[in-house]
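Engineer: Encoded as structure tokens, here's the structure I'll be asking about.
Chains as they are written, first to last, in my numbering: chain S, 68 to 392; chain A, 199 to 506.
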């Protein structure tokens with residue numbers, strides 16, 4: 068109860084404080100001569116937001132770049148040593164390769180499943196369409212830790228001869244095989260793929276929602292015209308629908324790609340990066356808290372940040388184009 | 199004259215509840231094809247539903263049963279009411295989940311409410327005020343949307359330890375406020391900027407100041423986008439594990455549900471009666487929000503698709 072009371076006080080103080088802050092600043096500027104009032108007022112409005120962003124994102128980002136050129140304790144300048152380590156250290160290289168595997172598989176799988184559900188559900192009656200789409204979409208509300216627990220239960224292992232409690236091993240032993248501790252099997256990266264299933268399970272709903280509304284936005288005439296020309300449903304899908312929803316596919320793909328690039332929770336909770344499932348963001352946390360190699364940890368996130376720059380440029384370009392219109 | 203850009207492309211297709219099928223567009227697919235596609239969809243739906251369903255069932259089963267038999271066996275003896283229990287929930291709540299649940303509320307509410315106001319003022323200025331640097335500042339905001347927030351951790355940890363904030367709720371509120379701000383400003387600005395010029399101009403003719411226009415016109419008119427962002431940020435904060443781990447992980451008393459659940463997975467990985475109940479407590483609040491506010495929820499998630 069004390070906690071709730073504290074939270075309540077914090078909300079009131081935080082919100083009240085912010086309101087009073089804006090009100091007071093506004094009053095102060097209004098007291099100035101009109102020329103100055105008009106000049107300063109916009110900065111009063113954007114000021115607090117800009118200060119927070121500068122303090123919590125912009126400045127720390129630059130600071131991190133700086134730290135990445137220094138040693139573990141940020142005392143001596145080491146040049147590019149930390150970056151060199153990224154490509155020479157075997158376990159780090161494995162984390163990078165695993166991360167690339169995630170990037171290759173997960174966004175494409177989410178888009179594919181999202182498209183499949185959107186198209187299949189589109190053929191149903193409105194009620195069944197809604198039910199099936201809601202089912203696929205619901206995991207969007209589930210946290211990565213929650214989803215990891217849900218799927219660890221599916222992958223759960225019991226010794227042969229005892230009752231299996233995990234769905235996967237129940238099916239597997241039902242086929243006459245010995246039970247397998249799935250998340251520990253790194254042959255052909257099997258465990259990494261099983262962890263990717265969790266992410267795909269979480270993100271497909273998002274892909275489906277955007278793709279579904281894009282498909283519904285495809286003009287009827289183009290489809291009818293193709294049909295009159297004798298195109299099959301499959302041809303229509305690939306040659307008429309897909310080209311027209313390409314921009315949505317790009318948005319969905321890049322959004323999931325950005326999320327997968329920094330994938331952390333699922334692996335941290337399920338395997339902690341063991342059994343050859345390590346990825347870059349998990350390695351970052353371990354460097355930071357276990358090994359306390361700050362320079363290397365900083366270099367890892369700087370590389371992550373560099374990887375997002377193409378998307379950043381694309382977003383800014385899109386914005387510029389909209390402004391020009 | 200203010201420039202009023204159209205909303206972002208992904209914003210326009212946000213409302214997914216386009217449920218009314220355009221029947222005219224579809225030809226009746228052949229029957230076999232239809233059967234095949236329906237079976238495929240059914241299998242997909244089962245794949246999406248069964249893991250959560252199994253978790254829910256298991257969380258109400260006796261400990262011995264959860265640990266020795268599969269959850270699907272309950273259907274074999276469905277009439278046996280003795281197999282159900284609430285003990286798992288009592289036990290996991292006492293094992294720290296109750297405390298964590300309150301902590302999660304204490305973390306989430308301020309971390310949702312505080313950024314909205316600051317972002318709304320900024321978004322108003324970006325849409326309706328002219329000042330030098332406006333475009334370049336907004337481009338910086340867009341650029342920050344995809345920056346991985348890990349990039350801020352090392353300096354922030356040092357900064358917090360100097361201020362003595364590590365392990366406190368305030369540390370997490372501030373972090374979420376900072377990390378959520380670019381998206382909040384971006385979304386709100388897209389919405390406010392798309393409101394008609396005439397409303398603002400006529401208010402200005404009537405002698406209203408920007409401050410008055412903001413409170414009396416902008417905030418009421420922007421309710422949909424404010425609600426969408428609030429829900430998005432709520433999910434983001436409630437489901438967040440990384441930021442909580444970094445800034446609260448070391449302080450036992452202040453742990454949130456995601457941390458407690460992750461710790462249970464790590465330390466009591468075989469106690470599935472506890473893990474299932476704990477997981478269900480963890481996901482219950484967002485699911486509740488999902489089922490009650492689905493429309494805003496979807497709008498928020500899809501509109502926020504650019505967040506890094």
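Where a beta carbon is used, it is the ideal one built from N, C-alpha and C, also for glycine. If you're wondering where the values come from, they're calculated on a predicted model, not measured in any experiment.
Exposed or buried, residue 216/S, counting other C-beta atoms within 10 Å across all chains shown (16 or more means buried)?
Structural biologist: Within the first chain, the letter at position 149 stands for residue 216/S. Looking at its Cβ environment, which holds 16 or more other Cβ atoms inside 10 Å, residue 216/S is buried.
Engineer: Run through DSSP, which three-state label would residue 86/S get?
Structural biologist: Residue 86/S sits at position 19 when you count from the first residue of the first chain. Correct three-state label for residue 86/S: helix.
Engineer: Nearest by alpha-carbon distance to residue 380/S: which of 262/A, 338/A and 359/A is it?
Structural biologist: Numbered from 1 along the first chain, position 313 holds the residue referred to as residue 380/S. Of 262/A, 338/A and 359/A, the residue nearest in Cα terms is 338/A.
Engineer: Work out the CA separation of residue 117/S and residue 390/S for me, nearest whole Å.
Structural biologist: Here the question's residue 390/S lines up with position 323 in the first chain. Here the question's residue 117/S lines up with position 50 in the first chain. Going by the C-alpha atoms only, they are around 22 Å apart.
Engineer: Please confirm if the region 342-355 of chain S is in contact with the region 184-197 of chain S, defined as three or more CB-CB distances below 8 Å between the two stretches.
Structural biologist: The region 342-355 of chain S, when compared against the region 184-197 of chain S, does not touch it at the 8 Å Cβ threshold.
Engineer: Quick check: the region 276-296 of chain A against the region 257-273 of chain S, are there 3 or more CB pairs under 8 Å?
Structural biologist: These segments do not touch.
Engineer: Which stretch, first to last residue, makes up the alpha helix (DSSP H) that contains residue 127/S?
Structural biologist: As a first step, residue 127/S must be located in the first chain, where it is residue number 60. First-last of the alpha helix (DSSP H) with residue 127/S: 126-134.
Engineer: Closer than 7 Å, Cβ to any Cβ of chain S: which residues of the region 437-457 of chain A, in chain order?
Structural biologist: Correct list: 437, 439, 440 and 456.
Engineer: Is the Cβ of residue 264/A closer than 8 Å to any Cβ of chain S?
Structural biologist: Along the second chain, one-based indexing puts residue 264/A at 66. For residue 264/A, the answer is yes, since a Cβ of chain S falls inside 8 Å of its Cβ.
Engineer: Contact criterion: CB-CB distance below 8 Å. Does residue 222/A meet it with respect to chain S?
Structural biologist: In the second chain, counting from the first residue as 1, residue 222/A sits at position 24. The predicted model places residue 222/A with a pLDDT of 44, which falls under 50 and marks its position as unreliable; any figure quoted below should be read in that light. Yes, contact with chain S.
Engineer: Could one say the Cβ of residue 394/A lies closer than 8 Å to chain S's Cβ atoms, at least one of them?
Structural biologist: Taking the second chain and counting its residues from 1, the one referred to as residue 394/A is at position 196. No, no contact with chain S.
Engineer: Taking the C-alpha atoms as reference points, what is the distance between residue 81/S and residue 87/S?
Structural biologist: Reading the first chain from its first residue, position 14 is the one you call residue 81/S. Reading the first chain from its first residue, position 20 is the one you call residue 87/S. Distance between the alpha carbons of residue 81/S and residue 87/S is about 10 Å.
Engineer: Let me confirm a value: residue 225/A is counted as buried when at least 16 other C-beta atoms fall within 10 Å, else exposed. Which label applies?
Structural biologist: For the purposes of this step, residue 225/A is taken as the residue at position 27 of the second chain. Any reading at residue 225/A needs caution, since the residue's pLDDT is 48, under 50, leaving its predicted position unreliable; the model's value is listed next. Label assigned to residue 225/A: exposed.
Engineer: In angstroms, rounded to a whole number, what distance separates the CA positions of residue 455/A and residue 356/S?
Structural biologist: As a first step, residue 455/A must be located in the second chain, where it is residue number 257. As a first step, residue 356/S must be located in the first chain, where it is residue number 289. One C-alpha to the other measures close to 21 Å.
Engineer: Chain S beta carbons: is any one of them nearer than 8 Å to that of residue 490/A?
Structural biologist: Working through the second chain from its first residue, we reach residue 490/A at position 292. So no, residue 490/A is outside the interface.
Engineer: Can a CB atom of chain A be found closer than 8 Å to the CB of residue 231/S?
Structural biologist: For the purposes of this step, residue 231/S is identified with residue 164 of the first chain, where counting begins at 1. Residue 231/S counts as touching chain A.
Engineer: DSSP on residue 224/S, reduced to helix/strand/coil?
Structural biologist: Within the first chain, the letter at position 157 stands for residue 224/S. It is coil, neither helix nor strand.
Engineer: DSSP beta-bridge partners for residue 137/S?
Structural biologist: Reading the first chain from its first residue, position 70 is the one you call residue 137/S. Beta-bridge pairing links residue 137/S to 144/S.
Engineer: For residue 251/S, collect the residues of the same chain with a Cβ closer than 6 Å to its Cβ; drop the 5 residues on either side in sequence, then sort them by chain order.
Structural biologist: Within the first chain, the letter at position 184 stands for residue 251/S. Around residue 251/S: 342.
Engineer: For residue 369/S, collect the residues of the same chain with a Cβ closer than 6 Å to its Cβ; drop the 5 residues on either side in sequence, then sort them by chain order.
Structural biologist: Within the first chain, residue 369/S is the residue found at index 302, counting from 1. If we look at residue 369/S and ignore the five residues flanking it on each side, its Cβ neighbours are 132 and 135.
Engineer: Can you confirm whether residue 308/S, when its beta carbon is compared against all beta carbons of chain D, has any partner nearer than 8 Å?
Structural biologist: No chain D appears in the structure shown, which is made up of the protein chains S and A.
Engineer: Hey, residue 304/S and residue 186/S: beta-carbon distance below 8 Å or not?
Structural biologist: Counting from one through the first chain, the residue named residue 304/S turns up at place 237. Counting from one through the first chain, the residue named residue 186/S turns up at place 119. Yes, the Cβ-Cβ distance between residue 304/S and residue 186/S is below 8 Å.
Engineer: With distances taken from CA atoms, which of 440/A, 365/A, 374/A and 475/A is nearest residue 310/A?
Structural biologist: Stepping through the second chain from its first residue, residue 310/A is reached at position 112. Of 440/A, 365/A, 374/A and 475/A, the residue nearest in Cα terms is 374/A.
Engineer: Let me know the secondary structure DSSP gives residue 466/A once reduced to three states.
Structural biologist: The residue labelled residue 466/A in the question sits at position 268 within the second chain. Of the three classes helix, strand and coil, the one that applies to residue 466/A here is coil, per DSSP.
Engineer: Please classify residue 308/S as buried or exposed, where buried requires at least 16 neighbouring CB atoms within 10 angstroms.
Structural biologist: For the purposes of this step, residue 308/S is taken as the residue at position 241 of the first chain. Buried, because 16 or more other Cβ atoms sit within 10 Å of the Cβ of residue 308/S.
Engineer: Go ahead and pull the three-state DSSP assignment for residue 190/S.
Structural biologist: Residue numbering aside, residue 190/S sits at position 123 when the first chain is read from its first letter. If DSSP states are grouped into helix, strand and coil, residue 190/S belongs with coil.
Engineer: Examine chain A for any beta-carbon lying closer than 8 Å to the beta-carbon of residue 154/S, and answer yes or no.
Structural biologist: Position 87 of the first chain, counted from the first residue, corresponds to residue 154/S. So, not an interface residue.
Engineer: Measuring only the C-alpha atoms, how far is residue 285/S from residue 311/S?
Structural biologist: Reading the first chain from its first residue, position 218 is the one you call residue 285/S. Reading the first chain from its first residue, position 244 is the one you call residue 311/S. The alpha-carbon atoms of residue 285/S and residue 311/S are separated by roughly 7 Å.
Engineer: Have a look at residue 184/S and residue 493/A and give me their C-alpha separation to the nearest angstrom.
Structural biologist: Here residue 184/S is taken as the residue at index 117 of the first chain, counted from 1. Here residue 493/A is taken as the residue at index 295 of the second chain, counted from 1. The straight-line gap from Cα to Cα measures roughly 19 Å.
Engineer: How far does the alpha helix (DSSP H) with residue 392/A in it reach, from first residue to last?
Structural biologist: Residue mapping note: residue 392/A aligns to position 194 of the second chain, counting from 1. Neither: residue 392/A is in no alpha helix (DSSP H) and is coded neither H nor E.
Engineer: Taking Cβ to Cβ, would you say residue 276/S is nearer than 8 Å to residue 321/S?
Structural biologist: Working through the first chain from its first residue, we reach residue 276/S at position 209. Working through the first chain from its first residue, we reach residue 321/S at position 254. No, Cβ-Cβ distance for residue 276/S and residue 321/S is not below 8 Å.
Engineer: Cα separation between residue 162/S and residue 358/A?
Structural biologist: As a first step, residue 162/S is located in the first chain; it is residue number 95 there, counting from the start. As a first step, residue 358/A is located in the second chain; it is residue number 160 there, counting from the start. Each residue's alpha carbon lies about 29 Å from the other.
Engineer: At what residue ranges does the region 431-491 of chain A contain a whole run of the alpha helix (DSSP H), taking only runs of 4 or more?
Structural biologist: List check, alpha helix (DSSP H) in window: 440-446, 455-465 and 470-490.
Engineer: Just to confirm the assignment: which complete alpha helix (DSSP H) runs, minimum length 4, are found wholly within the region 280-336 of chain A?
Structural biologist: Listed in chain order, they are 285-290 and 296-326.
Engineer: Identify whether residue 259/A lies in helix, strand or coil by the three-state DSSP scheme.
Structural biologist: Here the question's residue 259/A lines up with position 61 in the second chain. Residue 259/A: strand per DSSP, three-state reduction.
Engineer: Hey, residue 384/A and residue 340/A are a contact pair by Cβ (cut 8 Å); roughly how many whole angstroms apart?
Structural biologist: Indexing the second chain from 1 puts residue 384/A at position 186. Indexing the second chain from 1 puts residue 340/A at position 142. Confirmed, about 6 Å.
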